[in-house]
């Protein structure tokens, strides 16, 4: 068998698996209500909200309709470095379109980018210019979605970067752009650092939550004012309450793997919490930040592929790799920042060495799902600047 071959792929979840999910949801063993229930997610997902969302998931959510939507885009699998890699490859009707690799983060999947596919591949139909068209390659990180089973230990950001570089080469793209957020941003930046001969430019998306990583993932600069330091310290305090998921998965992934693989409501709560606390704070529930069916499609993908476990293991491998995610590169780079604060650029780019920086008050961590039109416009604007003048 030629394992390097590009093989067409379709999602076909067995009906028995769908029936099992609905049965488990219907027979959930619920926690007793807290004496005083917080309804603002300050103590996690409120029980009343979780019950309502689980009822919708089991009774009203139409997986088959979502499966058909996913299958409307060309999907493939191939083997790279011994690992099955799943990806969407959606070519534009414009022959001169720019190839673009798009990489998701955690707790996301290739599902994050669904709303961007049509406007990016066919901008004319979206009221744009043919010059803004992209051929899209949207892979699933090993251990996520259908890039399973995981063949061996050691799959983290560096190894994934090389696998995705090989994927683009295997597809015949010797020159391409790259985009991603969260883990995808790390892969995107590393691609540019290690493969500048192929990567023409990178646009990463971020949000004000990145300020919480100051002093941990990167140093706090000494040029910030007292007011700016107060903003940074407030985000660092917020991150202390948020990072429990990361600490557990980075050090004890097998403990949470058991729960996420056995309990759909456990998986539902685990991801839904992040879609509340990481989206724009103007939304009081995840439903106000992203479409409910879009959110549940992402969560259902985790459930059917049992990737709550393998995604946790990826974070463990990443935490123990010793890799610096901020890889310097000479490739043109841009940032698209959502739910932002000016302090973020003051910290990351105080002298405006990054010429392409887009700030948005809207959106948040899951920009492709929260603010797809804004992110689409940023991608078009950024890569338009890299086109040769005619």
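In this note's numbering, the protein residues as written are 24 to 413.
Built from N, CA and C at the ideal position, the CB exists for glycine as well.
Is it true that the CB of residue j sits closer than 8 Å to the CB of residue i?
{"i": "residue 298", "j": "residue 282", "result": "no"}
{"i": "residue 224", "j": "residue 366", "result": "no"}
{"i": "residue 401", "j": "residue 226", "result": "yes"}
{"i": "residue 121", "j": "residue 164", "result": "no"}
{"i": "residue 101", "j": "residue 29", "result": "yes"}
{"i": "residue 154", "j": "residue 115", "result": "no"}
{"i": "residue 396", "j": "residue 383", "result": "no"}
{"i": "residue 216", "j": "residue 351", "result": "yes"}
{"i": "residue 291", "j": "residue 80", "result": "yes"}
{"i": "residue 228", "j": "residue 398", "result": "yes"}
{"i": "residue 71", "j": "residue 179", "result": "no"}
{"i": "residue 414", "j": "residue 403", "result": "Shown here, the chain extends from 24 to 413; a query on residue 414 therefore has no answer."}
DSSP has residue i in a bridge; who is on the other side?
{"i": "residue 358", "result": "227 and 380"}
{"i": "residue 222", "result": "199"}
{"i": "residue 241", "result": "237"}
{"i": "residue 32", "result": "98"}
{"i": "residue 65", "result": "67"}
{"i": "residue 204", "result": "228"}
Would you decide whether residue i is buried or exposed? Buried here means 16 or more other CB atoms lie within 10 Å of its CB.
{"i": "residue 347", "result": "exposed"}
{"i": "residue 374", "result": "exposed"}
{"i": "residue 128", "result": "buried"}
{"i": "residue 190", "result": "buried"}
{"i": "residue 210", "result": "buried"}
{"i": "residue 192", "result": "exposed"}
{"i": "residue 159", "result": "buried"}
{"i": "residue 82", "result": "exposed"}
{"i": "residue 320", "result": "buried"}
{"i": "residue 118", "result": "exposed"}
{"i": "residue 305", "result": "exposed"}
{"i": "residue 27", "result": "exposed"}
{"i": "residue 112", "result": "buried"}
{"i": "residue 213", "result": "buried"}
{"i": "residue 270", "result": "exposed"}
{"i": "residue 275", "result": "exposed"}
{"i": "residue 322", "result": "buried"}
{"i": "residue 378", "result": "exposed"}
{"i": "residue 59", "result": "exposed"}
Just to confirm, does residue i get its C-beta within under 7 Å of one of the non-hydrogen atoms of the ligand MG?
{"i": "residue 325", "result": "In terms of ligand content, the structure shown is empty, and the ligand MG therefore cannot be addressed."}
Extract the residue ranges of the alpha helix (DSSP H) inside the region 104-176, only unbroken runs of 4 or more that lie entirely within it. Segments of the alpha helix (DSSP H) lying fully in the region 104-176: 137-144.
So, do the region 329-340 and the region 395-410 have three or more beta carbon pairs nearer to each other than 8 Å? The region 329-340 vs the region 395-410: no contact.
Do the region 205-214 and the region 327-334 make contact, defined as three or more Cβ pairs closer than 8 Å? By the criterion of at least three beta-carbon pairs nearer than 8 Å, the region 205-214 is not in contact with the region 327-334.
Which whole runs of the beta strand (DSSP E) in the region 76-108 are 3 residues long or more, in chain order? Correct list: 98-103.
Counting Cβ pairs, one atom from each stretch, are 3 or more of them under 8 Å apart for the region 380-400 and the region 355-365? Taking a cut-off of 8 Å on C-beta distances, the region 380-400 touches the region 355-365, as three or more cross pairs fall below it.
Are the region 286-293 and the region 45-59 in contact at 8 Å, needing three or more beta carbon pairs? The way I'd put it, the region 286-293 does touch the region 45-59; three or more beta-carbon pairs between them come closer than 8 Å.
For the pair the region 51-67 and the region 132-146, tell me if three or more CB-CB distances fall below 8 Å. No: the two stretches stay apart, fewer than three of their Cβ pairs being nearer than 8 Å.
Below 8 Å, how does it come out for the region 91-109 and the region 162-182: are there three or more Cβ pairs, yes or no? Contact annotation: the region 91-109 touches the region 162-182, with at least three C-beta pairs closer than 8 Å.
I want to know whether the region 261-273 touches the region 229-245 - three or more CB-CB distances under 8 Å. The region 261-273 and the region 229-245 touch, with no fewer than 3 CB-CB distances between them shorter than 8 Å.
Continuous alpha helix (DSSP H) assignments of at least 4 residues falling wholly in the region 268-302: Within the region 268-302, the alpha helix (DSSP H) runs of at least 4 residues that lie entirely inside it are, in chain order, 276-285 and 287-300.
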